[in-house]
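The numbers in the working numbering rise by one with no breaks, and the one at position 127 of the sequence shown is 127. Each residue gets a CB set at the ideal place from its N, CA and C atoms; glycine is no exception. Data block below; observations after.
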Amino acid sequence: MQYTEVDYLFEIGDNIIYPMHGAGTIEGIEEKEVLGEIRQYYVIKIPMNNMQVLIPVKNISKSHIRSIADKLTMESVLDLFHNGSTDRSLPWKQRFKMNSDKLRTGKLKEVAEVVRDLTRIHGTKPLNSSEKQMLDNAKKILIGEVSLVNGITSNQANDLLQDHAIGM
1 MQYTEVDYLF
11 EIGDNIIYPM
21 HGAGTIEGIE
31 EKEVLGEIRQ
41 YYVIKIPMNN
51 MQVLIPVKNI
61 SKSHIRSIAD
71 KLTMESVLDL
81 FHNGSTDRSL
91 PWKQRFKMNS
101 DKLRTGKLKE
111 VAEVVRDLTR
121 IHGTKPLNSS
131 EKQMLDNAKK
141 ILIGEVSLVN
151 GITSNQANDL
161 LQDHAIGM
């Protein structure tokens, strides 16, 4: 197969983060015919949801997919669990929208802030079912990236997050 599209942002084997879906790996680049036009697609495996997605190569920048963080960045993000304030006065609908917007960016720091803030709030009062589901999803996304960055299992990454969350 000959690849003729623009320069590739990612290569086969790259570990990436797909916003709202979590950590994954570029498994290949395939050509598919869509509406009579041959297009190239990244084939991305996302283990957290046991799914495979195809993203058009030419649309990859619009998808907000990014490379995983490095260890130094991950350390500073995990320090967020002990720093920063959580606005507990926001009505849950406003907080839900703000947190949804943060998760859509796919940025590591923003995902960690959602986990931190919802965990802190959950420590003082129960979350409604929507926020509970959001917290679970954000944790899975964060655990996936922690796992890839540190070369550890998901269970070990979860334990590492729990260690950082103690004392919040």
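Sorted by chain position, which residues of the same chain lie with C-beta nearer than 7 Å to residue i's C-beta, five sequence neighbours on each side aside?
i, result
"residue 92", "128, 131"
Starting from residue i, follow its DSSP beta bridges and name the residues at the other end.
i, result
"residue 222", "Here the chain comprises residues numbered 1 to 168, so residue 222 is not present and cannot be evaluated."
"residue 67", "16"
"residue 39", "32"
"residue 45", "25, 52"
Who are the Cβ neighbours of residue i in its own chain at under 6 Å, not counting the five residues just before and after it?
i, result
"residue 167", "Low per-residue confidence applies at residue 167: pLDDT is 48, beneath 50, and the placement is therefore not dependable, though the value from the model is reported in the following sentence. So the list is empty, once near-sequence residues are dropped."
"residue 3", "Reliability fails at residue 3, whose pLDDT of 43 lies under 50, so the model's placement of it is uncertain and no value is given."
Compare the beta carbon distance of residue i and residue j with 8 Å and say whether it is the shorter of the two.
i, j, result
"residue 55", "residue 67", "no"
"residue 16", "residue 26", "yes"
"residue 103", "residue 19", "yes"
"residue 111", "residue 78", "no"
"residue 60", "residue 53", "no"
"residue 113", "residue 72", "no"
"residue 151", "residue 22", "no"
Using the three-state DSSP reduction, which class does residue i fall into: helix, strand or coil?
i, result
"residue 56", "strand"
"residue 88", "coil"
"residue 122", "helix"
"residue 83", "coil"
"residue 128", "coil"
"residue 151", "coil"
"residue 9", "coil"
"residue 144", "helix"
"residue 107", "coil"
"residue 162", "helix"
Quick one: what's got a C-beta closer than 8 Å to residue i's C-beta in the same chain, skipping five residues either side?
i, result
"residue 6", "Because the pLDDT of residue 6 is 44, which lies under 50, any placement of that residue in the model is unreliable, and the number read from its coordinates should be weighed accordingly. The residues are 57, 58."
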